[in-house]
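Sequential numbering of the sequence shown, starting at 612, is according to this note's numbering. Just so it is clear, CB atoms sit at the ideal spot from N, CA and C, and this is done for glycine as well.
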Amino acid sequence: MWLFLFVVLPVSAVAGAGFLLYRGQTIARHIRGTCYDDVSKVPRNHVGLVLGCVRYLKSGRPNRYFTYRIEAAAALVHAGKVDVLLVSGASHRKSIDEAGSMKEALIEQGVPAASIACDRFGYRTIDSVLRARMVYGQERLTIVSQQFHNERAIYIAERRGIEAIGLNAADVEPPRGRMVRLREYLARMRVLVDIHLSNTQPRVLGKGEPL
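Written as structure tokens, this is what we have:
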């Protein structure tokens, strides 16, 4: 019993975490060639899925991840690369409405309101991607976020039967982006569990709303 608790269990946990970390680092290799930095080179799709985050940090300063995603998504529309933007984010508290904030910011960038659909149940990336197919009827998507986030989202999409490419928004360089990158390593380990072990489904579905 003591051998199991103090030797076998810790070694197994470390080995398991190491394996997931290694697999997480291979996600980028699995989706190579599907992310674009130049909007003019992005193949055309009907719908662009914009992954959410808050518009303002707790300090009150603008969140540059948000700003850069909005700029990239607006460029996608203005270049005629998508017809509709599906903005997806968590909007479960009165103080947080990621999808609504994205729509507001896109309109400020000249995107017609009629070309924007809001998904307020994108609690996690896997929710946003799977709801794009299961609720909004999309089997092909152009995903808009920073490259590290696009890679994870496309990995989810491909393994759930969705054809996806990504337009990379500008990134936030260290030191401000350091904690986000750390969280990304953990998120990649979690998504491997979601896809390969637990068959995770969206927290909320509801009736279909084809775009």
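Terminal residues of the continuous beta strand (DSSP E) containing residue i?
i, result
"ASN779", "774-780"
From the DSSP output, in three-state form, read off residue i for me.
i, result
"ALA690", "coil"
"THR678", "helix"
"SER756", "strand"
"PRO813", "coil"
"TYR766", "helix"
"TYR747", "coil"
"TYR796", "helix"
"LEU717", "helix"
"ASN761", "helix"
"LEU620", "Any answer about LEU620 is weak, because its pLDDT of 43 lies below 50 and its placement is not dependable; what the coordinates show is given next. Helix at LEU620."
Do residue j and residue i come within 8 Å of each other at the CB atom, strictly closer than that value?
i, j, result
"ARG792", "ARG763", "no"
"CYS664", "GLN758", "no"
"LEU816", "MET713", "no"
"ASP814", "ASP738", "Correcting the residue identity first, residue 814 is Arg in this sequence and not Asp. Yes."
"ALA724", "ILE718", "yes"
"LEU662", "THR736", "yes"
"VAL740", "ILE776", "no"
"VAL722", "ALA690", "no"
"ARG742", "GLY733", "yes"
"ARG751", "ASN656", "yes"
Counting only the same chain and skipping the five closest in sequence on each side, list residues whose C-beta sits under 8 Å from that of residue i.
i, result
"LEU687", "VAL650, VAL653, GLY659, VAL693, LEU696, THR753, VAL755 and LEU778"
"GLU682", "GLN720, ALA780 and ALA781"
"HIS760", "LEU662, THR736 and GLU795"
Tell me which same chain residues have a C-beta within less than 7 Å of the C-beta of residue i, skipping the five on either side of it?
i, result
"ALA716", "ARG666 and ILE681"
"PHE677", "CYS664, VAL665 and ARG666"
"ILE727", "LEU696, VAL698, LYS714 and LEU717"
"GLU774", "GLU750 and ARG751"
Looking only at DSSP bridge pairs, what is residue i linked to?
i, result
"ALA728", "LEU697"
"VAL661", "VAL698 and VAL755"
"PRO723", "PRO723 is not bridged to any residue."
"TYR667", "PRO673"
"TYR647", "LEU778"
In the DSSP assignment, find the unbroken alpha helix (DSSP H) run with residue i in it and report its ends.
i, result
"LYS818", "Here LYS818 belongs to no alpha helix (DSSP H), and DSSP marks it neither H nor E."
Which same chain residues, not among the five before or five after residue i, have their C-beta less than 6 Å away from its C-beta?
i, result
"TYR679", "ALA780 and ALA781"
"ARG731", "SER702 and ALA710"
"ARG675", "VAL783"
"CYS729", "VAL698, ALA710 and LYS714"
"LEU668", "ASN674"
"ILE806", "ARG770"
"GLY629", "Any answer about GLY629 is weak, because its pLDDT of 46 lies below 50 and its placement is not dependable; what the coordinates show is given next. If we look at GLY629 and ignore the five residues flanking it on each side, it has no Cβ neighbours."
"GLY700", "GLY663, GLU709, ALA710 and GLY733"
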